[in-house]
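S.K.:
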Amino acid sequence: MARLTIKGQEYEGKCTFKFDRLADEKYGEADKNGKKSNGFMTLYMSLLQYSNEHLVAFWECALEHLKVKPSLSDIEEAIEERLENDDDPKQIFQEAFRAVDESGFFKLRAKTFWKNLELMKDSGKTDEEKAENLKMYNLMIESRIEIQG
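Written out as structure tokens, the structure reads:
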């Protein structure tokens, strides 16, 4: 469960429709009509890479369900404090990743992503392209294993 103490109050991050909507709006990619989508995937992949910027984005989205939300600067301050004081700074990333990966809301999307990634390991037109795709596949799998603890 992803938890963060902000200004002395503990908050639980939740993966909800509001999370998804804000992720698309702020972190998604625009299509040819200007509609943004796939913010979930941007956050998911960035957490795998231990992106501090996207850890803040995760918490911004995960607290979107609250009526009174902490400010972005308060979220950043709380994350900085935790990263500086935790014995294992990976833990805050692991909590965020697991919250998304294991949530009922995103579970099928995450499962589909990893299933589709399996196709990548054998794809490519040339031997060089196949080797590069296999290398990328292995890197993603290693990253997932590491962040899952």
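Taking UniProt numbering, I'd label the letters of the sequence shown as residues 1 to 149. Cβ coordinates follow ideal geometry from the N, Cα and C atoms, glycine included.
Suppose contacts are defined by Cβ-Cβ distances below 8 Å. Is residue 138 in contact with residue 124 by that definition?
M.R.: For residue 138 and residue 124, no; Cβs fall outside 8 Å.
S.K.: Output the distance between the C-alpha atoms of residue 95 and residue 65, rounded to the nearest integer angstrom.
M.R.: One C-alpha to the other measures close to 18 Å.
S.K.: Where residue 75 and residue 3 are concerned, what is the direct C-alpha to C-alpha distance, given to the nearest angstrom?
M.R.: Whole-angstrom Cα-Cα distance: 12 Å.
S.K.: On the CB-based measure, 16 or more other CB atoms within 10 Å of its CB, does residue 20 come out buried or exposed?
M.R.: It is buried - the Cβ of residue 20 has at least 16 other Cβ atoms within 10 Å.
S.K.: Just the Cα atoms here: how many angstroms apart are residue 130 and residue 140?
M.R.: So the two alpha carbons sit approximately 15 Å from each other.
S.K.: According to DSSP, what are the bridge partners of residue 3?
M.R.: Paired residue(s): 12.
S.K.: Please report the residue range of the alpha helix (DSSP H) in which residue 97 lies.
M.R.: Taken as a continuous stretch (DSSP letters only), the alpha helix (DSSP H) holding residue 97 covers 90-101.
S.K.: For residue 132, does the three-state DSSP call read helix, strand or coil?
M.R.: Three-state result, residue 132: helix.
S.K.: Tell me where the alpha helix (DSSP H) around residue 24 begins and ends.
M.R.: Taken as a continuous stretch (DSSP letters only), the alpha helix (DSSP H) holding residue 24 covers 17-27.
S.K.: Under 8 Å: do the stretch 27-43 and the stretch 79-88 share three or more Cβ pairs, one atom per stretch?
M.R.: Not touching, per the Cβ criterion.
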